[in-house]
Amino acid sequence: MDAIDPALFETIVEESLDEVPEDLMAMLDNVVFLVEDEPPADDPDLLGVYDGVPLTERDAGWGLGNLPDRITLFRGPLTRMCDDLDDLRDEIAITVVHEIAHHFGIDDAALHELGWG
Numbered sequence: 003m004d005a006i007d008p009a010l011f012e013t014i015v016e017e018s019l020d021e022v023p024e025d026l027m028a029m030l031d032n033v034v035f036l037v038e039d040e041p042p043a044d045d046p047d048l049l050g051v052y053d054g055v056p057l058t059e060r061d062a063g064w065g066l067g068n069l070p071d072r073i074t075l076f077r078g079p080l081t082r083m084c085d086d087l088d089d090l091r092d093e094i095a096i097t098v099v100h101e102i103a104h105h106f107g108i109d110d111a112a113l114h115e116l117g118w119g
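Laid out in structure tokens, this is it:
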């Protein structure tokens with residue numbers, strides 16, 4: 003798929019986030035969602051990344067002075083891997099679920115077993 007207007011891409015991301023159940027979104031109160039053009043050069047095919055401390059690894063003192071966790075989606079690789087807007091919507095939704103799962107402490111192996119790899 004050719005390049006996509008950044009505003010349209012962000013709208014699709016927002017629509018994907020709107021599909022996340024409200025009770026799960028409530029547990030993402032200290033998570034920010036970002037969109038970047040490209041991933042780091044050492045991982046050019048990276049679709050998204052969770053950068054933070056998973057809920058399963060937090061202790062009672064966590065949160066005092068901590069910056070928000072970040073979920074970043076990378077427009078370039080997501081757009082390049084998709085044939086059309088429908089494919090892009092599907093892949094963004096899958097990537098959003100995948101990265102949110104990392105926030106809840108679900109690793110890549112478990113996600114692959116569940117079909118969200």
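According to the numbering used here, the residues represented by the sequence shown are 3 to 119, in order. Ideal placement from N, C-alpha and C gives every residue a C-beta, glycine not left out.
Spell out the partners DSSP gives residue i in its beta bridges.
{"i": "residue 53", "result": "72"}
{"i": "residue 121", "result": "Outside the displayed span of the chain (3 to 119) sits residue 121, for which this structure offers no information."}
If you check the beta carbons only, do residue i and residue j fall under 8 Å apart?
{"i": "residue 54", "j": "residue 97", "result": "no"}
{"i": "residue 93", "j": "residue 113", "result": "no"}
{"i": "residue 59", "j": "residue 107", "result": "yes"}
{"i": "residue 105", "j": "residue 33", "result": "yes"}
How many Å lie between residue i and residue j at the Cα?
{"i": "residue 29", "j": "residue 63", "result": "17 Å"}
{"i": "residue 38", "j": "residue 16", "result": "14 Å"}
{"i": "residue 23", "j": "residue 83", "result": "27 Å"}
{"i": "residue 56", "j": "residue 74", "result": "15 Å"}
{"i": "residue 45", "j": "residue 61", "result": "31 Å"}
{"i": "residue 68", "j": "residue 101", "result": "19 Å"}
{"i": "residue 52", "j": "residue 77", "result": "15 Å"}
{"i": "residue 88", "j": "residue 66", "result": "41 Å"}
Find the nearest neighbour of residue i within the set the options, judged by alpha-carbon distance.
{"i": "residue 31", "options": "11, 18, 67, 71", "result": "71"}
{"i": "residue 5", "options": "99, 116, 86", "result": "86"}
{"i": "residue 118", "options": "10, 99, 9, 105", "result": "99"}
Go through its chain and collect everything with a Cβ distance to residue i's Cβ below 7 Å, but skip five positions before and after it.
{"i": "residue 91", "result": "14"}
Between which residues of its own chain and residue i is the CB-CB distance below 6 Å, once the five residues before and five after are set aside?
{"i": "residue 18", "result": "94, 95, 98"}
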